[in-house]
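Q: Chains as they are written, first to last, in this note's numbering: chain A, -18 to 398; chain B, 84 to 1080.
Where a beta carbon is used, it is the ideal one built from N, C-alpha and C, also for glycine.
Model, not experiment: these values are computed from the prediction.
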Ligand SMILES: Cc1cc2nc3c(=O)[nH]c(=O)nc-3n(C[C@H](O)[C@H](O)[C@H](O)COP(=O)(O)OP(=O)(O)OC[C@H]3O[C@@H](n4cnc5c(N)ncnc54)[C@H](O)[C@@H]3O)c2cc1C
């Protein structure tokens, strides 16, 4: 496979771009693998990459019902940050950011990780208290995060409206400079290319219909549209559809699936240097390298598997953006879409082993799992290879919903009193 | 001057000149022109630059599918928008427009250097490079990529315009007012249905506007059209123009965006610019017609290259010839008619080049009669001309071989690769499509909503068949609604239905690897890029799209999707349906943010809830804070006081004599019914059975996870009636939660819940003089300590108003809360304030409330708890009914982690130096000298300066805190580490003596 570089690009430019090879082959399933991963999103493909690269396990299939990267990996607003409150989360997301920083080189694929800074706005006293708590905790955890006054926030993000007369005036913000965005498709493709280069089969358009368990209860393989595939280890990384797949193995997951919507504007010249999030008004925004304003909303209010999403939430989101950035009112929405996100009761993921021998799971990322992609995939590969939790993913067990040992980042963001 | 204008032709008003500017030059157009038609009339074709290669471009189309002619439009201060399609923006006197994505000028643009190095900028090139050295990404590569981004520039000022929104319920919504839509409307309306007919154009008529030669029932098309519109108006059909159906949602909900002022010279003062309609239609008829496809060959993008059907529209609708010397290159009959119409209007047609070896004989005959050269079985293999096309290179194709080339000079090249039904809205419904081999297009297949598709939208070409099909579908919609429609048949003369063939790239004798054959014009995606993507393993059309960006430009793929699919399918050696079509996503055309936001702008972004006493607070200088949707008085500064001073004074005066506080925002829920007690027992942790009417109790509400969700004082008014209070922010959530349980878990309980938050106005009076103040106002109730002890409730008359009086205290002082009907709130407040003067009554705000409660160790849910705190953690285990069989969260409280050692528990904290005030949110450690990451054992939840305690006080959640009283902990701040001692949570009057006055 051609190594990607400026030189190879130049060479191919001179020869009419005719010599590039397929970045991944169109694999058909074998009858048996050491590991089968259900779901070719960033998380599933990433786990395959690390299994092959770091653990030498290459007899692996990643199976997707559609085309790789077509789930939430290819639909998200790509915000990456690690300024989470709890030690467990901070460790996991910061591990991911460490990996993001070298990912393009690791994959020989430019995933365009852009450390442009993520600014989270505080609009009331409660937000201020909550962000201060995060900042103090992050500081003692060694995670980058700092407080900006409204004036500093405006300097950092000039389109911001900091008028004290705004409906929700900006009272300041928490800035993580090391945070930013990445190119979502490139993440899926880069992992796919690297994994398949190392021998992993990526099988697309092949729904997994059930997980089969043997008489002793342990995993035997997966039933798919292309027949039964044997594997002693199966990892499910199917985002919004994880509960459906896990159900077939007799494991009931504490997940609810909601539509989450996003949109882009028509492309404009660079105007928006960073990422801004506002939880109070429910909107977040950045500008893509193509020039589109990329805007995300909160989840729809009802559970659904439909990727359509409703109009009211989008209206609210756009109104919120125009409220914080009034200069964008005459911009036009180019396109909007939805994905199905899998939400746990404590808004933290479920990552690692399950009660079923040989069955592993990586899900529950809700609205925010893109940022974790390399970190989660990396530690899950470790767990699959060794059969035991990795230090970093150990707290994110399924069992915590039985014991009550929750990692409640949503509660940490709490609710206005 | 306007040499390309055809006198008397088109629907523009030739006696109404309009002047506007483009890139600073003033141009004359006519009323009814778009910017594009007016510029073309002035001989201007160069209107923009493409995204990646900055290639000079002119309009390809005459409608909303335009990919190239994007301009900035301005109407004075604050009213600027980028990326407007010149082909839909109507002109008015004074309109200012500008070209985009060029530097220094449209004619000479340095960005066009990219065009020279195009081989480097192949699809996905950026994934393959810019990786070394790693540090260069932040500093050089990314800024370089970002600087190249975008087309137009962002607006830079807030938008002064208003936007409106409305709901509409209609029997039949018809989208598209061409022949099919008009006929549907007629049929449905004659059946007596309420019909709404919308079109994105400035006037209804669709194809009829571009085909005046047709004659319907013996009447010229335009006369027929105006008579038909009159007839529809008489049938009460609501016809909306400049109205785009942008999205099709569940259960036949369609969003329409109506443009109201962008075409007007002088919009009425304050008139909304656009209006978003949310239409719920019983039946929808999609009559959106079809879009013309370009042909794909080297140089198919130079200014002067245009879709043939669009050239026909410019001529017939706008009275503009697109050039003097035109060549037609087509694979479809329709372009021949454009040639004939243009020839009649005086344009020299140099040749009609048809890719088909044997085009329709009648067409050939007519061309011959007009003396037009016809080149059947030919291909186009190149063009020349930088800022405007100069010639086209064509070759004969025989047995698959491309023969010698000849160049034909021209100033316009009109191309046509056939037509594609417009299925965007249909796709929003997730209706499925089927591939039609004969017409080489997708057609609608399985329909998922109450919807019909009529006319060209389902592959029926020509005016007659559209009219006929429209009538049939209109009748079908009527039938579905139980009505019957009379359908009329219209006979059409001079109709121009046509057939054609479909292509990937046109065959060429040159190196296809060097061809600049554009598929997505705006994003500069060429056929070669698509093939490269396939070569690189992109096998799904979604991958091809994302890798090349084909179809992702502001025309939303209207020009490029089908050509892209054909080429990708060819490269893969598969049939189109196996490769699939990318999902069309709303909105149908780019739509202003302002229209989505509608009225939700500025102070109306979200309502600001205000209490009846809010106006008094404002008049008396209160500073406010937002709390959920409310604004609440935060503190009442007296001359020159800062927040700190004001709060200290308010605390002092309240504890000394008397304070008054507007507590109206507290949530209130009335629980009524024979099972009210049972319901309360199940919802709240506390026991309610033995609470006597006339008494109140502090209630604690958990989630089913066992963590505190809400709290508040609850009064029992009678056996079957409770008055609940909730936190301000929790009111709606608590009611939802209760209704959820009531409706899904306990439907057998006879209980009714009513939110009464806004019905009552609540005034809290606290301080030793509280009873002295209110005693004279109370009628028919003994409020002495003996008769009306702490935690009592009674209904009474208060200052002449019907009232519910609570004796409660959130401050530790003698306290009363008076609830009166909201309309009396301010009057009562003023009476109490006046009467309170003799006790130096002090109005206080939320900050003082917070300090006073913290001095007593009363928690604020959401501040001292965060959704991970159990009643035991908060030191409120006493609020749990020990003998109750069940309550929400009881089971969860027994989970292992909730009973484990070392949980974070609420404690008091006093800084050792007695002067440092801790920061809320600051983290607590046991060993301040450990390295980072530190082991944190808790955080500060509340922290205030307390005059009553004579020092700063704080509340904190600390691991195992209840067992650590007296221990020293550390709070490491960026600049220093603060030492503090763990204490109990009560800092003032621990015996509660002051309550018992
Ligand atoms: C609109 C939106 C915005 C978002 N914004 C952000 C953001 O800004 N930052 C952030 O960090 N996160 C964000 N997220 C969340 C993020 O996208 C996801 O958490 C993350 O991408 C999940 O990756 P994944 O690989 O687990 O899932 P996916 O990419 O969804 O992959 C799961 C795959 O499983 C496949 N699958 C499902 N069922 C089966 C089956 N039975 N058989 C075979 N295959 C199956 C699916 O086809 C899919 O390809 C956003 C999500 C959405 C929808």
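Compile a chain-ordered list of the residues in the stretch 636 to 661 of chain B whose CB is closer than 8 Å to at least one CB of chain A.
A: 637, 639
Q: Can you grab the Cα-Cα spacing for the pair residue 1066/B / residue 841/B, in whole Å?
A: Counting from one through the second chain, the residue named residue 1066/B turns up at place 983. Counting from one through the second chain, the residue named residue 841/B turns up at place 758. When rounded, the distance between both Cα atoms is 39 Å.
Q: Would you mind listing the beta strand (DSSP E) stretches within the stretch 263 to 297 of chain A that are 3+ residues and don't spill past its ends, in chain order?
A: 264 to 268, 274 to 280
Q: Report back the beta-carbon spacing between residue 170/A and residue -2/A to the nearest angstrom; my notes put them in contact at under 8 Å.
A: Against the first chain, residue 170/A aligns to sequence position 189. Against the first chain, residue -2/A aligns to sequence position 17. So it is not a contact: roughly 17 Å between Cβ atoms.
Q: Hey, would you say residue 750/B sits closer than 9 Å to residue 246/B, going by beta carbons?
A: The sequence position of residue 750/B within the second chain is 667, counting from 1. The sequence position of residue 246/B within the second chain is 163, counting from 1. No, Cβ-Cβ distance for residue 750/B and residue 246/B is not below 9 Å.
Q: Beta-carbon of residue 701/B versus every beta-carbon of chain A: anything under 9 Å?
A: In the second chain, the residue the question calls residue 701/B occupies position 618. Not closer than 9 Å to any Cβ of chain A, the Cβ of residue 701/B fails to qualify, so no.
Q: What are the residues in the stretch 307 to 325 of chain A lying within 8 Å of chain B by C-beta distance?
A: 307, 308, 309, 310, 311, 312, 313, 314, 315, 316, 317, 318
Q: Kindly say whether residue 568/B, judged by its beta-carbon, lies nearer than 9 Å to any beta-carbon of chain A.
A: The residue you call residue 568/B lines up with position 485 of the second chain. Closer than 9 Å: no.
Q: Reducing DSSP to helix, strand and coil, say where residue 168/A ends up.
A: The count along the first chain starts at 1 and reaches residue 168/A at position 187. DSSP places residue 168/A in helix when its eight states are reduced to three.
Q: Under DSSP, the alpha helix (DSSP H) around residue 81/A begins and ends at which residues?
A: On the first chain, position 100 is the one that residue 81/A refers to. 68 to 88 is the extent of the alpha helix (DSSP H) around residue 81/A.
Q: In whole angstroms, what separates the C-alpha of residue 926/B from that of residue 147/A?
A: Here residue 926/B refers to the residue found at position 843 of the second chain. Here residue 147/A refers to the residue found at position 166 of the first chain. For residue 926/B and residue 147/A, the distance between alpha carbons rounds to 26 Å.
Q: Buried or exposed for residue 1083/B, please, with buried defined as at least 16 other CB atoms from any protein chain shown within 10 angstroms of its CB.
A: Nothing about residue 1083/B can be read from this structure; chain B reaches only from 84 to 1080.
Q: For residue 251/A, go through chain B and note every residue whose CB falls closer than 7 Å to its CB, in chain order.
A: Residue 251/A sits at position 270 when you count from the first residue of the first chain. Chain B residues near residue 251/A: 229, 230, 232, 233.
Q: Note down the Cα distance separating residue 857/B from residue 1073/B, rounded to an integer number of angstroms.
A: For the purposes of this step, residue 857/B is taken as the residue at position 774 of the second chain. For the purposes of this step, residue 1073/B is taken as the residue at position 990 of the second chain. The alpha-carbon atoms of residue 857/B and residue 1073/B are separated by roughly 26 Å.
Q: Quick check: the stretch 329 to 336 of chain B against the stretch 303 to 319 of chain B, are at least 3 beta-carbon pairs closer than 8 Å?
A: Verdict: no, contact absent.
Q: Distance check for residue 387/B and residue 464/B, CA to CA, integer angstroms please.
A: By 1-based counting over the second chain, the position of residue 464/B is 381. By 1-based counting over the second chain, the position of residue 387/B is 304. If you take the alpha carbons of residue 464/B and residue 387/B, they lie about 16 Å apart.
Q: Hey, would you say the C-beta of residue 329/A is under 8 Å away from at least one heavy atom of ligand 1?
A: For the purposes of this step, residue 329/A is identified with residue 348 of the first chain, where counting begins at 1. Every heavy atom of ligand 1 is 8 Å or more from the Cβ of residue 329/A, so no.
Q: Which residue from 1044/B, 835/B, 952/B, 947/B puts its Cα closest to that of residue 1026/B?
A: Residue mapping note: residue 1026/B aligns to position 943 of the second chain, counting from 1. Of the listed residues, the one whose Cα sits closest to residue 1026/B is 947/B.
Q: Use the C-beta contact count for residue 867/B: other C-beta atoms within 10 angstroms, 16 or more gives buried, fewer gives exposed.
A: Translated into the one-based positions of the second chain, residue 867/B becomes position 784. Burial call: exposed.
Q: Using a Cβ-based criterion (distance less than 8 Å to any ligand heavy atom), does residue 10/A qualify as near ligand 1?
A: Counting from 1 along the first chain, the entry for residue 10/A is found at position 29. Look at residue 10/A: its beta carbon is at least 8 Å from all of the heavy atoms in ligand 1.
Q: Return yes when the Cβ of residue 986/B is within less than 9 Å of the Cβ of residue 949/B, no when it is not.
A: For the purposes of this step, residue 949/B is identified with residue 866 of the second chain, where counting begins at 1. For the purposes of this step, residue 986/B is identified with residue 903 of the second chain, where counting begins at 1. Not a contact, by the Cβ cut-off of 9 Å.
Q: If the cut is a Cβ gap below 8 Å, which residues of chain A does residue 447/B touch?
A: Indexing the second chain from 1 puts residue 447/B at position 364. Within chain A, no residue comes near residue 447/B; the closest Cβ sits about 39 Å away, beyond 8 Å.
Q: What's the C-alpha gap between residue 41/A and residue 88/A?
A: Residue numbering aside, residue 41/A sits at position 60 when the first chain is read from its first letter. Residue numbering aside, residue 88/A sits at position 107 when the first chain is read from its first letter. So the two alpha carbons sit approximately 18 Å from each other.
Q: For residue 326/A versus residue 233/B, is the C-beta distance shorter than 9 Å?
A: Residue numbering aside, residue 326/A sits at position 345 when the first chain is read from its first letter. Residue numbering aside, residue 233/B sits at position 150 when the second chain is read from its first letter. No, the pair does not count as a contact, with Cβ atoms beyond the cut-off.
Q: Since residue 313/A and residue 246/A are thought to touch, with beta carbons under 8 Å apart, how far apart are those beta carbons, to the nearest angstrom?
A: Here residue 313/A is taken as the residue at index 332 of the first chain, counted from 1. Here residue 246/A is taken as the residue at index 265 of the first chain, counted from 1. Rounded, the Cβ-Cβ distance is 6 Å, consistent with contact.
Q: For ligand 1, I want to know if residue 242/A counts as a neighbour, meaning its beta carbon is within less than 8 Å of at least one of the ligand's heavy atoms.
A: Position 261 of the first chain, counted from the start, is the residue given in the question as residue 242/A. Yes, the beta carbon of residue 242/A sits closer than 8 Å to at least one heavy atom of ligand 1.
Q: Between which two residues does the beta strand (DSSP E) holding residue 363/B run?
A: Here residue 363/B refers to the residue found at position 280 of the second chain. Where residue 363/B is concerned, the enclosing beta strand (DSSP E) stretches over 355 to 369.
Q: Pairs of beta-carbons, one from the stretch 246 to 258 of chain B and one from the stretch 368 to 379 of chain B, closer than 8 Å: are there three or more?
A: Contact between the stretch 246 to 258 of chain B and the stretch 368 to 379 of chain B is present, with at least three C-beta pairs closer than 8 Å.
Q: Are the CB atoms of residue 379/A and residue 322/A nearer to each other than 9 Å?
A: As a working note, residue 379/A is residue 398 in the first chain. As a working note, residue 322/A is residue 341 in the first chain. No; because the gap between Cβ atoms is not below 9 Å, this pair is not in contact.
Q: If residue 159/A sits next to residue 125/A, beta carbons under 8 Å apart, how far is it from one beta carbon to the other, in whole angstroms?
A: One-based indexing of the first chain puts residue 159/A at position 178. One-based indexing of the first chain puts residue 125/A at position 144. The beta carbons of residue 159/A and residue 125/A sit about 5 Å from each other, so the pair counts as a contact at 8 Å.
Q: With a cut-off of 9 Å, does the C-beta of residue 401/B fall near any C-beta of chain A?
A: One-based indexing of the second chain puts residue 401/B at position 318. Chain A contact via Cβ: absent.
Q: Heavy atom of ligand 1 less than 8 Å from the Cβ of residue 352/A, yes or no?
A: Along the first chain, read from residue 1 onward, the residue named residue 352/A stands at position 371. Checking the Cβ of residue 352/A against ligand 1 gives yes.
Q: Please decide whether residue 84/B counts as near chain A, where near means a Cβ-Cβ distance under 9 Å.
A: For the purposes of this step, residue 84/B is taken as the residue at position 1 of the second chain. Any answer about residue 84/B is weak, because its pLDDT of 43 lies below 50 and its placement is not dependable; what the coordinates show is given next. It does not; no Cβ of chain A falls within 9 Å.
Q: Who are the near neighbours of residue 362/A in its chain, counting only those whose CB is closer than 7 Å to its CB and skipping five residues on each side?
A: Along the first chain, one-based indexing puts residue 362/A at 381. Answer for residue 362/A: 28, 31, 32, 35, 36, listed in chain order.
Q: Please state the DSSP three-state secondary structure of residue 387/B.
A: Indexing the second chain from 1 puts residue 387/B at position 304. Three-state DSSP puts residue 387/B in coil, outside helix and strand.
Q: Quick check: residue 936/B and residue 897/B, are their CB atoms within less than 9 Å of each other?
A: Within the second chain, residue 936/B is the residue found at index 853, counting from 1. Within the second chain, residue 897/B is the residue found at index 814, counting from 1. No, these two residues do not count as a Cβ contact at 9 Å.
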